[in-house]
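Trainee: Would you mind keeping the following structure in view while I ask a few things?
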Amino acid sequence: MGGGILGVRHFNDSQRTTVDVDRNAQVIVDLSIEIEASQQTVWRIQTGIDKWPTWQKNVSQARLSGPLAVGSTFQWETHGLPIVSTIREVDPMRRIVWGGPAQGIEGVHVWTITPTSKGVVVHTTESWDGPPVAADPDGMRAALTSSLNAWLADLKTTAEAAN
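No gaps in the numbering here: position 142 of the sequence shown is 613 in my numbering, and each next residue is one more.
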């Protein structure tokens with residue numbers, strides 16, 4: 472019997488492997504906001520990690536070590552909490568995922584930017600797990616929800632002013 476191609480599989484965008492939050496985590500927060508700004512503007516602001524403190528009230532410092540690429544890390548501080556995050560996925564203009572441990576909490580944070588007729592919808596989902604979350608899941612969920620709502624509001628204000 473001769474060899475040959477047994478089958479060819481084509482992948483479309485919806486079949487690509489993507490990194491997700493921890494769907495088994497004790498806290499998962501999922502939020503979206505409409506922003507009247509271009510996808511390029513929102514992407515530039517959201518992924519300009521070194522500039523986060525200039526537009527996010529709750530981020531006091533941020534520094535990306537290396538390129539905006541899978542495996543690169545960035546150090547940042549929010550609400551007085553120092554965090555080191557590792558970039559886990561980058562789909563330019565569309566999606567970025569990062570995660571890592573902070574004070575016993577393991578977090579994974581997914582951001583997507585989807586164009587609309589008026590600008591974009593920014594969707595963020597973040598999971599938290601670990602002993603501090605187990606000790607107070609409701610309090611942790613409330614804190615994360617508040618933090619992400621502030622981030623989205625700051626991103627909207629900054630992007631719409633820059634557009």
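Glycine included, each C-beta is placed from N, C-alpha and C at the ideal position.
Just so it is clear, the structure is predicted and the values come from calculations on it, not from any experiment.
Can you tell me the Cα-Cα spacing of VAL479 and PRO608, whole angstroms?
Mentor: Since pLDDT at VAL479 reaches only 41, below the 50 mark, its modelled position is unreliable, and no value is offered.
Trainee: Taking 7 Å as the limit between beta carbons, can you name the residues of its chain near THR616, skipping five residues before and five after?
Mentor: Cβ neighbours of THR616 beyond the five flanking positions: VAL500.
Trainee: What residue does the beta strand (DSSP E) around ASP600 start on, and which one ends it?
Mentor: 591 to 600 is the span of the beta strand (DSSP E), which, as asked, contains ASP600.
Trainee: Contact defined as beta carbons within less than 8 Å: I believe LEU502 pairs with THR595. What is the distance between those atoms, to the nearest angstrom?
Mentor: Going by Cβ atoms, the distance from LEU502 to THR595 rounds to 6 Å, so yes, they are a contact pair.
Trainee: Would GLY610 be called buried (16 or more neighbouring beta carbons within 10 Å of its own) or exposed?
Mentor: Exposed: under 16 other Cβ atoms inside 10 Å.
Trainee: Does DSSP classify ASP484 as helix, strand or coil?
Mentor: With a pLDDT of only 49 at ASP484, under 50, the local geometry of the prediction cannot be trusted, and the value read off the model is given with reservation. Helix at ASP484.
Trainee: According to DSSP, is VAL479 helix, strand or coil?
Mentor: Residue placement at VAL479 cannot be trusted, given a pLDDT of 41 that sits under 50; the coordinates are not used to answer.
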